[in-house]
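If you count by this note's numbering, then the sequence shown holds residues 8 to 400, one letter each, in order.
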Amino acid sequence: MMEKKKIYLSSPTMHGEEQQFIQEAFDTNWVAPLGPNVNAFEKEMAEYVGIPYASALSAGTAAIHLALKIIGIQPGDIVFSTDLTFAATCNPITYEKAVPVFVDSEKDTWNMSPEALKKAFEKYPNPKAVVVAHLYGTPAKMDEIMQICKEHNVPVIEDAAEALGSTYKGRHAGTFGDIGIYSFNGNKIITTSGGGMLVSRREEDVKKATFLATQARDTARHYQHSQIGYNYRMSNIVAGIGRGQLLHLDEHVAIKRAIYAQYKEAFADIDAIMMNPMNPDGSANNWLSCMTIAADSKVTPNQVMDALDAENIESRPIWKPMHLQPVFAECDFFTDEGLYTQRRNCDIAVGENKQPYGVGEDIFNRGLCLPSDIKNTKEDMEKIIRIVRGLFK
Numbered sequence: 008m009m010e011k012k013k014i015y016l017s018s019p020t021m022h023g024e025e026q027q028f029i030q031e032a033f034d035t036n037w038v039a040p041l042g043p044n045v046n047a048f049e050k051e052m053a054e055y056v057g058i059p060y061a062s063a064l065s066a067g068t069a070a071i072h073l074a075l076k077i078i079g080i081q082p083g084d085i086v087f088s089t090d091l092t093f094a095a096t097c098n099p100i101t102y103e104k105a106v107p108v109f110v111d112s113e114k115d116t117w118n119m120s121p122e123a124l125k126k127a128f129e130k131y132p133n134p135k136a137v138v139v140a141h142l143y144g145t146p147a148k149m150d151e152i153m154q155i156c157k158e159h160n161v162p163v164i165e166d167a168a169e170a171l172g173s174t175y176k177g178r179h180a181g182t183f184g185d186i187g188i189y190s191f192n193g194n195k196i197i198t199t200s201g202g203g204m205l206v207s208r209r210e211e212d213v214k215k216a217t218f219l220a221t222q223a224r225d226t227a228r229h230y231q232h233s234q235i236g237y238n239y240r241m242s243n244i245v246a247g248i249g250r251g252q253l254l255h256l257d258e259h260v261a262i263k264r265a266i267y268a269q270y271k272e273a274f275a276d277i278d279a280i281m282m283n284p285m286n287p288d289g290s291a292n293n294w295l296s297c298m299t300i301a302a303d304s305k306v307t308p309n310q311v312m313d314a315l316d317a318e319n320i321e322s323r324p325i326w327k328p329m330h331l332q333p334v335f336a337e338c339d340f341f342t343d344e345g346l347y348t349q350r351r352n353c354d355i356a357v358g359e360n361k362q363p364y365g366v367g368e369d370i371f372n373r374g375l376c377l378p379s380d381i382k383n384t385k386e387d388m389e390k391i392i393r394i395v396r397g398l399f400k
């Protein structure tokens with residue numbers, strides 16, 4: 008029996024220019040960790056997002072880690088983090104033995120709630136930093152969040168790993184905080200197979216990030232180290248892939264937006280389905296198109312994912328909130344109502360918790376990510392939509 012065509016959630020899309028930059032690196036023997044592609048990729052990325060300085064790194068996670076180091080996070084420091092996100096947003100907090108405190112989402116964008124952030128500041132008036140993620144490429148309410156943090160004189164790290172190409176009030180996501188980060192993981196809107204970028208308006212921040220990322224080697228002829236460093240720099244080969252991909256970023260964003268619009272139109276007459284909301288003050292890259300299902304619907308997210316999987320079509324649950332992760336079970340979690348003190352069952356899966364607490368937990372319980380691959384054909388999209396609609400008849 009012929010295997011059904013695989014339809015991916017979000018796979019890499021190469022165009023050809025990537026190979027040209029890679030070939031140039033081979034032809035000039037720049038296959039060492041650094042080289043012209045790294046320098047050019049940093050410059051081109053900085054110009055694209057409209058920020059003066061950038062450092063190309065091995066991963067978005069490495070960029071967040073270095074951002075925390077630059078800010079001066081110490082063991083025991085409190086760091087506020089988006090709750091509804093991938094673990095890479097907050098894992099680096101623990102690398103420095105700091106204490107993550109999680110802040111719930113708001114319904115308008117699914118991102119960090121300014122009201123919940125205010126509640127967190129009531130208990131912890133002097134956190135060392137706030138890490139804000141832009142979920143699935145939809146920009147957060149950055150004006151409100153930045154104003155709150157400014158009032159408390161707390162630096163902001165902007166996790167735009169999923170939001171390259173998204174804007175908020177005309178500015179690129181990742182350029183509002185003190186330090187911004189991007190990811191080029193294999194499933195992101197552009198990819199280098201693995202890699203990340205740290206950006207800042209302060210040259211000293213980026214210089215320090217680059218210094219720490221290259222094993223913190225002092226400027227001496229011999230090998231001398233006065234600080235602990237990391238092997239976090241992007242390679243010249245990987246940067247070549249990034250340069251080729253960046254040429255097509257706007258094209259990728261346009262296709263992702265068209266995918267979201269097609270889903271939204273296709274499900275508009277099904278009251279039980281709601282697509283992930285957009286920020287009216289921003290323009291999302293629609294990295295992943297997501298949907299939630301009404302709590303009283305006869306159809307569950309697992310049924311939708313199972314039906315798609317049966318046709319060899321990838322989908323995924325919404326990120327499981329960090330306060331529901333076993334590794335963070337003891338961490339504080341704030342909603343718009345304040346500190347939530349009841350221990351949750353951290354082993355629950357999507358759709359199992361019938362009494363979710365907080366916005367993010369409810370989204371996780373009722374949501375899923377739909378196939379959002381920019382290589383989806385007209386027939387692919389029609390098939391996905393037909394399968395989903397068929398469950399709601």
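Built from N, CA and C at the ideal position, the CB exists for glycine as well.
Fair warning: this is a prediction, and the values are worked out from it, not measured in the lab.
Asked: Within the stretch 10-39, ranges of the beta strand (DSSP E) (whole runs, at least 3 residues); Found: none
Asked: Pick from A301, Q332, S290, R393 that is closest to C97, judged by C-alpha positions; Found: Q332
Asked: Beta-ladder partner(s) of M329, from DSSP; Found: BP columns for M329 are empty, so no partner.
Asked: Exposed unless 16 or more other CB atoms sit within 10 angstroms - verdict on D380; Found: buried
Asked: Residue from F48, I320, W117 whose Cα sits closest to the Cα of E386; Found: I320
Asked: 7 Å Cβ cutoff, T92 in contact with chain D; Found: Absent from the structure is chain D; it holds one protein chain and no more.
Asked: Unbroken alpha helix (DSSP H) run spanning M149, endpoints; Found: 149-158
Asked: M52, DSSP secondary structure in three states; Found: helix
Asked: Backbone CA spacing between G367 and Y60 [nearest angstrom]; Found: 33 Å
Asked: Cut-off 8 Å between Cβ atoms - residues of its own chain near V106, not counting five sequence neighbours on either side; Found: G83, D84, I85, V86, I100, C338
Asked: Run of the alpha helix (DSSP H) containing G217, from where it starts to where it stops; Found: What sits at residue 217 in the sequence shown is Thr, not Gly. Residues 210-220.
Asked: Per DSSP, cross-strand counterpart(s) of M204; Found: A63, Y189
Asked: Residue burial classification, T348 (beta-carbon count within 10 angstroms, cutoff 16); Found: exposed
Asked: Cβ-Cβ distance between S62 and A216 below 7 Å; Found: yes
Asked: CA nearest to the CA of K104, picked from K135, F128, G67; Found: K135
Asked: Beta-carbon proximity of G144 to E113, cut-off 7 Å; Found: no
Asked: E1 versus D303: straight-line alpha-carbon distance, rounded; Found: No answer is possible for residue 1: it lies beyond the span of the chain, which begins at 8 and ends at 400.
Asked: Beta-bridge pairing of F183 - partner residues as DSSP gives them; Found: Answer is none; F183 lacks a bridge partner.
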